[in-house]
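Asks:
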Amino acid sequence: MQATPKPSRKLSGPVPPGEILREELDERGWTQREFAEILGKPLQAVNEILAAKKAITPDTALALSAALGTSAELWVNLQANYDLALARSRAQDEGVSRRAALRDALREAAPYKEMMKRGWIKTATVLDEIEAELRRFFGGDAPAPSLALQTQLKRTLTRSPDPAALAAWLRRVELLAQEQNAAAYDERRLAHLAPTLPRLSIRKEGPDRLLATLAEHGVRVVIERHLPRTYVDGAAFWLDTRSPVVALSLRYDRLDCFWFVVLHELTHILRHRHAGDGGSFLDDGLLDGGQTDPLEEEANRTAADWLIPQEEYARLQPPYSSAKVLSFATQIGVHPAIVVGRLHHDGKLPHTHMRHLIPKATSLLGEARERPA
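Structure follows, in structure tokens:
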């Protein structure tokens, strides 16, 4: 009956045939040199088999069978099983490496957990499914806005945003803008209308009426909450040559900020379309006085003057009281929040004063209200 060699100790991982052969030699008291002489093979060949550096070929299996009284199939099968186990181990390691690399790539490409939380992409736990969702969202082979927004937008950001979060927010705005219906854009009519828009603010439905009016004049307005570390207040860009878009992040959920950012971005649409960046702008710092770019300064001045004409604003003198602010707002036909916000911004009134006159923008927005985070 032929012998069936077995390892005398438990080994971790795939067991190379050389380990089993080594134990056979030890049990018989044969040295490697003696065994090489028995096989009629070079000592180096035996050393390499024992060290798992050389595979057992069918010819070697026949020689081992004759020397040790085993079947040749035993050694062929031991080698085949060892090779298969190594292949499986390598494949598993490669899979782990690929998944680790994919996880890092996805984390760098987009804030996908926040995007799933907001319903921008479907909830998924498998990395390949998350990757597929991000590709669907960004509409390409790799996460990136399908518009040339990242290079086209005039970057006037005063902070350093997370580029992945910013790209995701821009793409979300783009997708929502594409879903909106708007009339044909009429720049001349809109330019005539723009200075009168703040008069809508005194109406309870003023924000909704503003968005509807802009849509009637060909401007899509998208309201989408900012993502963490984007620091963006608003954006202005064009889906195509006839489709302007104004985007709001509501980073500051105040009615005065809502009106100022809309009119600031609208100024970009009306006056800066042919600027070097294609008339597209990405803004932060609008509400903190952080802008120094000439086009941004013009947009700030224009928006402020549309909200409260400078000659009218000059009539509002201290001391300031709620009664005086309410009376002044009524006289010029704007919501008192706009007056209080201007006084706050100009340092004429502490930011803690008269905040009761500034409602949240979201409290006055109807169907256009931003989607919950």
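Numbering that gives the first Met the number 0 puts the first residue of the sequence shown at 0, with every later residue one more than the last.
We treat Cβ as the ideally placed atom computed from N, Cα and C, and that holds for glycine.
1) L249: which of S200, D282, E173 and P15 sits nearest, CA to CA?
2) Kindly indicate the opening and closing residues of the alpha helix (DSSP H) around P162.
3) Could you tell me which of H225, N46, I201 and L196 sits nearest to T212, measuring between CA atoms?
4) Would you kindly check if the distance between the Cβ of R102 and the Cβ of F137 is under 8 angstroms?
5) So which of V333, Q78 and L105 has the shortest CA-CA distance to V14?
6) For L363, which residues in the same chain have their Cβ closer than 6 angstroms to its Cβ, ignoring the five residues on either side in sequence?
7) Is there contact between the segment 326–339 and the segment 222–238, where contact requires at least three CB pairs shorter than 8 angstroms?
8) So who's on the other strand from I222, going by DSSP bridges?
9) Of all the options W258, R341, L42 and A65, which has the alpha carbon lying nearest to the alpha carbon of R208?
10) Would you report the Cα separation of V324 and P318, rounded to the nearest angstrom?
11) Please return the same chain residues whose Cβ sits closer than 6 angstroms to the Cβ of A71, not counting the five positions on each side in sequence.
12) Determine the direct distance from the alpha carbon of P358 to that of Y253, and round the result to whole angstroms.
13) Report the residue ranges of all beta strand (DSSP E) runs contained in full by the segment 186–240; include only those spanning at least 3 residues, in chain order.
14) Taking contact to mean at least 3 C-beta pairs separated by less than 8 angstroms, is the segment 226–246 in contact with the segment 308–315?
15) Between which two residues does the beta strand (DSSP E) carrying L281 extend?
16) Sort out for me which residues DSSP pairs S362 with in a bridge.
17) Which residue from P162, A214 and R188 puts its Cα closest to that of A182?
18) Would you mind working out which of R87, L174, R300 and A54 sits nearest R135, comparing C-alpha positions?
19) Between the beta-carbon of S200 and the beta-carbon of W237, is there less than 8 angstroms?
20) Can L42 and R32 be called in contact, C-beta distance under 8 angstroms?
21) Between which two residues does the alpha helix (DSSP H) containing Q31 stretch?
22) Please look up how many angstroms separate the CB atoms of I48 and A66, rounded, as I've assumed it's under 8 angstroms.
23) From which residue to which residue does the alpha helix (DSSP H) around Y184 run?
24) Mind checking V45: buried by the 16 CB within 10 Å criterion, or exposed?
25) Nearest by alpha-carbon distance to E23: which of S242, G68, V125 and M353 is it?
26) Count the other C-beta atoms from every protein chain shown that fall within 10 angstroms of the C-beta of L133, then say buried if there are 16 or more, exposed otherwise.
27) Could you tell me the alpha carbon to alpha carbon distance between K112 and L73, rounded to whole angstroms?
28) Pick from P16, Y184, G39 and R188: whose alpha carbon is nearest that of P243?
29) Does R300 pass the burial test, meaning 16 or more other C-beta atoms within 10 Å, or should it be called exposed?
30) Using the C-alpha atoms, what's the distance from G365 back to P349?
31) Taking the C-alpha atoms as reference points, what is the distance between D161 and G118?
Replies: So, to answer that:
1) Checked all of S200, D282, E173 and P15; the closest Cα to L249 is D282.
2) P162: member of the alpha helix (DSSP H) spanning P162 to E178, first to last residue.
3) With distances taken between Cα atoms, T212 lies closest to L196.
4) Against a cut-off of 8 angstroms, the Cβ pair of R102 and F137 comes out as no contact.
5) Of V333, Q78 and L105, the residue nearest in Cα terms is Q78.
6) These residues qualify, in order along the chain: P206.
7) Fewer than three pairs of CB atoms, one per stretch, sit closer than 8 angstroms, so the segment 326–339 makes no contact with the segment 222–238.
8) I222 pairs with L247.
9) The shortest C-alpha to C-alpha distance from R208 to any of W258, R341, L42 and A65 is the one to W258.
10) If you draw a straight line from the Cα of V324 to the Cα of P318, it comes to about 10 angstroms.
11) In chain order, A60, L61 and S64 place their CB closer than 6 angstroms to the CB of A71, counting only its own chain and leaving out the 5 sequence neighbours on each side.
12) The amino acid occupying residue 253 in the given sequence is Arg; Tyr does not appear at that position. In a straight line, the C-alpha of R253 is about 6 angstroms away from that of P358.
13) Entirely contained in the segment 186–240, the beta strand (DSSP E) runs reaching 3 residues are, in chain order, 219–222 and 233–239.
14) Segments in contact, no.
15) Counted as a single uninterrupted DSSP element, the beta strand (DSSP E) harbouring L281 occupies residues F280 to D282.
16) None, per the DSSP bridge assignment.
17) Restricting attention to P162, A214 and R188, the CA atom closest to the CA of A182 is found in A214.
18) The shortest C-alpha separation from R135 is found at L174.
19) No. Outside cutoff.
20) Remark: C-beta atoms of L42 and R32 approach each other more closely than 8 angstroms.
21) It spans Q31 to L38 - the alpha helix (DSSP H) in which Q31 sits, taken as one unbroken run.
22) In fact, because the Cβ distance is near 12 angstroms, the residues do not count as touching under 8 angstroms.
23) Taken as a continuous stretch (DSSP letters only), Y184 belongs to no alpha helix (DSSP H), as it is neither H nor E.
24) Label assigned to V45: buried.
25) The shortest Cα separation from E23 among S242, G68, V125 and M353 belongs to G68.
26) Result: buried.
27) C-alpha of K112 to C-alpha of L73: approximately 53 angstroms in a straight line.
28) If we check each option's Cα against that of P243, Y184 comes out closest.
29) Residue environment for R300: exposed (fewer than 16 other C-beta atoms within 10 angstroms of its C-beta).
30) Rounded to the nearest angstrom, the two C-alpha atoms are 31 angstroms apart.
31) Looking at the two C-alpha atoms, the distance is approximately 20 angstroms.
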